[in-house]
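Report on the following structure.
Residue numbers (this note's numbering), protein chains in the order written: chain A, 1407 to 1779; chain B, 1407 to 1779.
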């Protein structure tokens, strides 16, 4: 374990050297975990020119020893402030050979109140607002991370399959959400990646619908489910849209024809985008492939969000695919591909898979669902 | 609904008038919900001298109409920035009669990156870092909030009772956590208040233990569970510690004697603190009552956290009881009382209830558990 985290810290040190930073204060708990292996929260990481030290409190003392024995740790005693702890770390030559002149800090996470305390405590240090230094490292997954995301996706799928096998006609959207999240836990999930979306019929036209306590599955024609499990700190993120038993068997042929048409268009957009994914291609170009396919079919006004996003330790790990994303794909990025068509008052269809960018193309990590069409 | 939120906004307007602010930008989603009734996220609230407007995006358009029809809303179109939306709101005389001179913003939530963009966009406005203006209003619950917290606690208890009735000897800490969280959902919970703690034996000596996948209930002597349900935006927070069947029936009499002794001391500290709670008493005085009781019994070194905290829309809603809390209790505050004794290598006992400060004392909102002793 420790080797991967050390390699990540080395990556950040290269950025520090390039930009003349002789210290870096990490305050985002996700980044603290990424750089150390420590999974608690409320803790900061100081990266000095001589060493790395975790600033935490007594609640996490044992956990730190267990999870990252190779990283120094300073434990706040009762009455001591976090900034007092930071001062001790900065003045300890094991971590900083001298008081740093220019130290980076995470400006997209640090609050203004914290920053004001920080510069009040350390007037001798110039704190430089930095953005996404660690997040940029996180975009490229190492083999351990790829394995962890595969596992999270597998658990997501196991939970979904168990749900499809056990759902009853009386279930509301909230019931299906509760069952799905429970079944993912029973399949090995530590938590959910994000609050699951379960939406029937017209509610599926809201891309971020919150599950409702009204309306039973047996009365719905279609269902959209967007879900994912978290395991060992990494997430999966999938969406499936399908006709219910009622949608398939009763009701109008016109409705079914429409569903099948929209489904086919979304699936074609999804497949065309995936077929084009490989290192070196720009993210906006991938987005355009799916968007053009949907527009050509006459539904251009009904796909209002980006095509996908990076996943990793969090569900929106990095930007991903959108009309304005100029970044190029690189090997070992993992992203969602999730085109959708949302027809107000009727419903919505979204198909979302997670793909790993490989040397020559990509691998779909989430393709073993029984109802891909 | 709308009346309560309007009264809260009036409360904030009084603070603004007192301190000479002619605008206020609310960025904490919990505070946005509190002041408007809107439960989505990624949205800001601008409080101008003439009106209030929610700045959101198309995902939440319908939800805003449903949840807070009396608040103005500006919906970000694709390609428009949130700060562009804010500029439109600030220059609309329906909300601000003129460009504000001094506007408050939430310095404990706003990030440095956001603040830098904000002052770059509005060099003509002096943005004043404010702390806890809305949080201070939130300390005193209105009748709707008291009812919501009662409901959340009831659901928490229902889930816990169902767990105690159904738990099997094979269950690990993770299994009990998963069952409990599922059973709270089945009892009407929207979500959990926080990740539940389930800890067997020596792990219960860690006040924030993360449930483990090893070790079965049938092999444990004692269990500590700290949990709560969230419903309609409000939370419950309880802890119970109890001997298992094994702890009660097999093993040493010495162990049971120790458990009973520690339990009795914690319960007496809990009861003594609750008996002293009433408006006008300082929070540190309540903390001291429990701490002194534990110290007098010889366990002063084993109670390392504050006695309790305010609850409300979040589980740590406001400071509450600690050795350094000089604030006075006021009517309609709701707080936890949770003394504990943690003995490394042996286990830990914490008893946590939620109390409502009344005119003359307090009401324990969480006292219908079957195993209070």
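Even for Gly, the Cβ is constructed at its ideal location relative to N, Cα and C. Bear in mind the structure is a predicted one, so any value in this text is a computation, not a measurement.
- prompt: Buried or exposed: which applies to residue 1387 of chain A, given that a residue is buried once 16 or more other Cβ atoms fall within 10 Å of its Cβ?
  reply: What the structure shows of chain A is the stretch from 1407 to 1779, and residue 1387 of chain A is not part of that stretch, so it cannot be assessed.
- request: Check whether the Cβ atoms of residue 1680 of chain B and residue 1713 of chain B lie closer than 8 Å to each other.
  value: no
field: C-beta neighbour in chain A for residue 1437 of chain B, strict 8 Å
entry: no
- prompt: Closer than 7 Å, Cβ to any Cβ of chain A: which residues of the region 1519-1549 of chain B, in chain order?
  reply: 1519, 1521, 1522, 1535, 1537
field: Identity of the residues DSSP links to residue 1510 of chain B by a beta bridge
entry: B/1430, B/1534
task: Tell me where the alpha helix (DSSP H) around residue 1662 of chain A begins and ends.
output: 1659-1682
- request: Just tell me which of B/1673, B/1410, B/1455, B/1474 has its CA closest to the CA of residue 1445 of chain B.
  value: B/1474
message: Out of A/1553, A/1770, A/1746, A/1461, which one is the CA nearest neighbour of residue 1637 of chain A?
response: A/1553
field: Helix, strand or coil at residue 1504 of chain A [DSSP, three-state]
entry: coil
query: Just how far apart, CA to CA, sit residue 1619 of chain B and residue 1671 of chain B?
result: 31 Å
field: Buried versus exposed, by CB contacts within 10 Å (16 or more), residue 1502 of chain B
entry: buried
task: Apply the 10 Å Cβ neighbour rule to residue 1766 of chain A and answer buried if 16 or more other Cβ atoms are within range, or exposed otherwise.
output: exposed
query: Shorter than 8 Å from the beta carbon of residue 1612 of chain B to some beta carbon of chain A?
result: yes
task: Could you work out which residue in B/1728, B/1733, B/1752, B/1749 is closest to residue 1743 of chain B when comparing CA atoms only?
output: B/1728
task: Give the single residue among A/1699, A/1577, A/1668 whose Cα lies nearest to the Cα of residue 1621 of chain A.
output: A/1577
field: Under the three-state DSSP convention, the category residue 1768 of chain A falls into
entry: strand
- prompt: Using a C-beta to C-beta distance shorter than 8 Å, which residues of chain B count as neighbours of residue 1578 of chain A?
  reply: Under the 8 Å cutoff, chain B gives no residues; its nearest Cβ is about 12 Å from residue 1578 of chain A.
message: Just to make sure I have the definition right: I need the residues of chain A whose C-beta is within less than 7 Å of the C-beta of residue 1465 of chain B. Which are they?
response: 1613, 1614
message: Please classify residue 1504 of chain B as buried or exposed, where buried requires at least 16 neighbouring CB atoms within 10 angstroms.
response: exposed
- prompt: Around the Cβ of residue 1483 of chain B, are there at least 16 other Cβ atoms within 10 angstroms (buried) or fewer (exposed)?
  reply: exposed
message: Can you tell me whether residue 1705 of chain A is helix, strand or coil according to DSSP?
response: coil
Contacting residues, own chain, Cβ-Cβ under 6 Å from residue 1610 of chain B (five flanking each side not counted): 1630, 1753, 1754
message: Taking the straight line between their C-alpha atoms, what separation do you get for residue 1614 of chain B and residue 1700 of chain A?
response: 49 Å
- prompt: Smallest Cα separation from residue 1571 of chain A: which of A/1589, A/1442, A/1579?
  reply: A/1589
message: Any beta carbon of chain A sitting closer than 8 Å to that of residue 1769 of chain B?
response: no
field: beta strand (DSSP E) runs contained entirely in the region 1720-1768 of chain A, provided each spans 3 or more residues
entry: 1724-1727, 1740-1743, 1746-1749, 1753-1756, 1759-1763
query: Just the Cα atoms here: how many angstroms apart are residue 1768 of chain B and residue 1517 of chain A?
result: 36 Å
- prompt: Would a check of beta-carbon distances place residue 1591 of chain A closer than 8 Å to chain B?
  reply: yes
message: Would residue 1555 of chain B and residue 1747 of chain B be called neighbours here (beta carbons separated by less than 8 Å)?
response: no
- prompt: When burial is assigned at 16 or more other CB atoms within 10 Å of the CB, is residue 1529 of chain B buried or exposed?
  reply: exposed
field: Inter-stretch contact (C-beta, 8 Å, three-pair minimum) for the region 1591-1607 of chain B and the region 1532-1549 of chain B
entry: no
query: In terms of DSSP beta bridges, what is residue 1604 of chain A paired with?
result: A/1631
message: Tell me which residues of the region 1694-1716 of chain A have at least one Cβ-Cβ distance to chain B shorter than 9 Å, keeping chain order.
response: 1710, 1711
query: What whole-angstrom Cβ distance do residue 1438 of chain B and residue 1720 of chain B have, given they're in contact under 8 Å?
result: Rounded, the Cβ-Cβ distance is 13 Å, inconsistent with contact.
- prompt: What is the rounded straight-line gap between the Cα of residue 1772 of chain A and the Cα of residue 1558 of chain A?
  reply: 10 Å
query: Is any beta-carbon of chain A found at less than 8 Å from that of residue 1425 of chain B?
result: no
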